[in-house]
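Read through the structure below, which is laid out as structure tokens, and then see the notes.
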Amino acid sequence: MKNLMRVAALALLAGAIAATSGALLAQQQTLNSGLRGPVPLDQIGPAPRLTPLNNTSERQVRNYPEQPPVIPHTTEGYEVSVNSNKCLTCHARSRTGESQAPMVSITHFMDRDGQFLATISPRRYFCEQCHVPQHTVKAPVQNTFVDVDTVLERAAAGERRK
Ligand code: HEC
Ligand code: HEC
Numbered sequence: 237m238k239n240l241m242r243v244a245a246l247a248l249l250a251g252a253i254a255a256t257s258g259a260l261l262a263q264q265q266t267l268n269s270g271l272r273g274p275v276p277l278d279q280i281g282p283a284p285r286l287t288p289l290n291n292t293s294e295r296q297v298r299n300y301p302e303q304p305p306v307i308p309h310t311t312e313g314y315e316v317s318v319n320s321n322k323c324l325t326c327h328a329r330s331r332t333g334e335s336q337a338p339m340v341s342i343t344h345f346m347d348r349d350g351q352f353l354a355t356i357s358p359r360r361y362f363c364e365q366c367h368v369p370q371h372t373v374k375a376p377v378q379n380t381f382v383d384v385d386t387v388l389e390r391a392a393a394g395e396r397r398k
């Protein structure tokens, strides 16, 4: 009887060990396919190399009307701080004649109550909260994002919206 219980306990223990190592293996595999690569969780891997910012004069299509347009030009060294805002030296209403840059949107003059201010609203001051410059890189993780027109086309064709 005693022996039987010992065997049963050992079998349980072996099962538990197998389950844990299986989970660890699965976790390790997820890590390998993730952004951090094969670097173990308790270590910091080498940082990926920085790539240069795209620098074109071609404005990019927005994926839906409310999207903050991405920045087509480089923003390297552009200061946006309490003292100065480099972006506004070209994109402010009064500067567009000289710079030929598109003026900041009219929404950027609205306060949170929808009132139009004479100057840019403080909540739109830090441009890169919403507008981001671009790099030409391979997407680090796959995604299935489609723009709003594709969503509408699918709906019109009777497919499920997804
Ligand atoms: C030297 C002038 C200049 C400065 C400084 C500048 N821009 Fe621009 N920006 C332009 C011009 C001109 C365009 C139009 C595309 C082109 O010709 O490059 C543009 C395009 C853009 C667009 C695309 C607009 C659209 O409708 O697609 C965004 C967004 C933008 N800039 C944001 C910024 C932000 C944010 C900063 C500051 C970090 C900034 N810009 C600084 C001149 C400037
Ligand atoms: C809180 C988010 C946010 C911030 C901060 C912000 N923007 Fe925008 N911006 C948007 C969105 C959203 C749009 C597109 C919808 C719209 O026009 O409001 C836009 C549109 C624009 C456009 C295109 C205008 C046009 O008519 O084509 C320019 C240029 C621009 N922003 C520049 C700037 C600059 C420069 C700053 C900083 C001074 C800034 N934005 C700060 C969200 C933001």
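Numbering of the sequence shown is given in the numbering used here, commencing with residue 237 and proceeding in unit increments. C-beta atoms are modelled at their ideal positions from N, C-alpha and C, and glycine is treated no differently. Given the structure is predicted, the values throughout are model-derived calculations rather than measurements.
Practice task
Throw me the rounded Cβ distance for the Thr325 and Pro308 pair, which I believe falls under 8 Å.
Solution key: Actually they do not touch by this definition, with Cβ atoms about 17 Å apart.
Exercise for the section: Give the single residue among Gly281, Thr310, Val275 and Glu302 whose Cα lies nearest to the Cα of Thr372. Expected result: A check of alpha carbon separations from Thr372 across Gly281, Thr310, Val275 and Glu302 identifies Thr310 as the nearest.
Exercise for the section: Check each candidate in Leu388, Val297, Gln296 and Glu302 and name the one with the smallest Cα separation from Ser341. Expected result: Of the candidates Leu388, Val297, Gln296 and Glu302, the one whose C-alpha sits nearest the C-alpha of Ser341 is Glu302.
Exercise for the section: Verify whether the separation of the beta carbon atoms of Pro338 and Arg298 is less than 9 Å. Expected result: No, they are not a contact pair.
Practice task
Flag Phe381 as yes when its Cβ comes closer than 8 Å to any non-hydrogen atom of ligand 2, and as no otherwise.
Solution key: Answer for Phe381: no, Cβ out of range of ligand 2.
Handout entry: Option in Ala283, Pro284 and Glu364 with minimal Cα separation from Lys322
Key = Ranking Ala283, Pro284 and Glu364 by Cα distance to Lys322 puts Glu364 first.
Handout entry: Secondary structure of Val382, DSSP reduced to three states
Key = Here DSSP, grouped into helix, strand and coil, assigns Val382 to coil.
Handout entry: Supposed close pair Val306, His367 - CB separation, criterion 8 Å
Key = Distance from Val306 to His367 at the Cβ level is roughly 7 Å; contact confirmed, criterion being Cβ atoms closer than 8 Å.
Problem - Nearest neighbour of Ala354, chosen from Glu334, Thr287 and Arg329 [CA to CA] - result: It is Arg329 whose Cα lies nearest to the Cα of Ala354.
Problem - Pro358 Cβ short of 8 Å to ligand 1 heavy atom set - result: Remark: the shortest separation between the CB of Pro358 and any heavy atom of ligand 1 does not fall under 8 Å.
Practice task
Return the CA-CA distance between Thr386 and Ala393, expressed in angstroms with no decimal places.
Solution key: Cα-Cα distance, rounded: 11 Å.
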